[in-house]
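Inspection log for the structure reproduced underneath, given as structure tokens.
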Amino acid sequence: MGFVEPVVLTGQRWVTLEPLTTDHIPEIAEAAADGDPGRLWFTAAPSPTTAGEWVQARLTVQRPDTGLTFVVRALDGRLIGSSSYLNVDGSNRRLEIGATWYVESVRRTGVNSETKLLLLGHAFEALDCIAVEFRTHFFNSASRAAIERLGAKLDGVL
């Protein structure tokens with residue numbers, strides 16, 4: 027058994043998170059047609075034609091001691107994005123939350139906040155993490171603002 031094991035996380039208002047599998051490929055391809063997150067320069071996200079490759083790439087680095095990718099569903103069941111635990115360091119009880127993308131129609135709603143709060147809650151309460159990191163490109167102002175809205179503090183710029 028590893029540090030991050032597959033789990034379903036359900037929010038109160040906006041989302042449910044479930045571990046990524048190859049069964050999600052058709053839904054991810056369909057979802058990616060809403061704003062084509064694959065064209066975003068600041069994150070590795072699928073486009074309608076690259077959903078299969080994107081899923082395989084995420085699953086290749088997904089192990090209980092390295093990371094876990096979740097699909098994000100609206101409470102109506104529609105797949106609307108993804109977010110991951112990355113750079114897992116179980117022995118030091120640390121991890122990163124990132125590789126996040128959402129369909130265009132849910133950006134700037136409560137979806138990201140609830141997703142991140144579910145991931146943070148699970149990391150600190152269930153996994154007993156002592157540190158959780160967010161990383162984003164310096165020029166990705168939308169992501170930086172979203173992270174700040176969660177109350178996270180900037181530690182530095184790489």
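Residue numbers (the numbering used here): 27 to 184. Beta carbons are placed, not taken as given, at the ideal position from N, Cα and C, and that holds for glycine. If you're wondering where the values come from, they're calculated on a predicted model, not measured in any experiment.
With a CB to CB cut of under 7 Å and the five nearest residues on each side skipped, what residues in its chain are close to residue i?
| i | result |
| --- | --- |
| Gly-136 | Arg-39, Trp-40 |
| Val-114 | Phe-29, Val-30, Asp-91, Thr-92, Gly-93, Leu-121 |
Using 10 angstroms around the beta-carbon of residue i, count the other beta-carbons present and answer buried if the total reaches 16, otherwise exposed.
| i | result |
| --- | --- |
| Glu-130 | exposed |
| Asn-118 | exposed |
| Leu-46 | buried |
| Glu-140 | buried |
| Pro-52 | exposed |
| Val-183 | exposed |
| Arg-84 | buried |
| Lys-179 | exposed |
| Ala-77 | buried |
| Phe-160 | buried |
| Ala-157 | exposed |
| Ala-71 | buried |
Which first and last residues belong to the beta strand (DSSP E) in which residue i is found?
| i | result |
| --- | --- |
| Leu-105 | 105 to 115 |
| Arg-99 | 94 to 100 |
| Val-137 | It is not in any beta strand (DSSP E) - Val-137 instead sits in the alpha helix (DSSP H) that spans 137 to 147. |
| Ala-125 | 120 to 128 |
| Pro-1 | Beyond the ends of the chain as shown, which are 27 and 184, falls residue 1; an answer cannot be given. |
| Phe-29 | Note, Phe-29: premise wrong, no beta strand (DSSP E); not H, not E. |
| Phe-160 | 157 to 160 |
Between which two residues does the alpha helix (DSSP H) holding residue i run?
| i | result |
| --- | --- |
| Gly-78 | 77 to 86 |
| Arg-175 | 167 to 175 |
| Ala-152 | Neither: Ala-152 is in no alpha helix (DSSP H) and is coded neither H nor E. |
| Ala-58 | 51 to 58 |
For residue i, collect the residues of the same chain with a Cβ closer than 8 Å to its Cβ; drop the 5 residues on either side in sequence, then sort them by chain order.
| i | result |
| --- | --- |
| Leu-101 | Gly-37, Arg-39, Trp-40, Val-41, Thr-42 |
| His-148 | Val-33, Leu-35 |
| His-50 | Val-81, Val-97, Leu-105 |
| Leu-66 | Trp-127 |
I believe residue i touches residue j by the beta-carbon criterion, under 8 Å. Please report the beta-carbon distance rounded to the nearest angstrom.
| i | j | result |
| --- | --- | --- |
| Ile-123 | Leu-145 | 5 Å |
Just to confirm my understanding: we take residue i, look at its own chain, exclude 5 residues before and 5 after, and list those with CB closer than 6 Å. What are they?
| i | result |
| --- | --- |
| Ser-169 | Thr-162 |
| Lys-142 | Leu-176 |
| Phe-13 | Not covered by the structure: residue 13. The range shown for the chain is 27 to 184. |
Note to self: Could you check whether the stretch 27 to 47 touches the stretch 96 to 104, counting it as contact only if at least three pairs of C-beta atoms, one from each stretch, sit closer than 8 Å?
What the structure shows: Of all C-beta pairs linking the stretch 27 to 47 to the stretch 96 to 104, three or more are shorter than 8 Å, placing the two stretches in contact.
Next item on the list: Check whether the stretch 51 to 60 touches the stretch 102 to 113, counting contact only when three or more Cβ pairs, one atom from each stretch, lie closer than 8 Å.
Entry: At 8 Å Cβ cutoff, the stretches touch.
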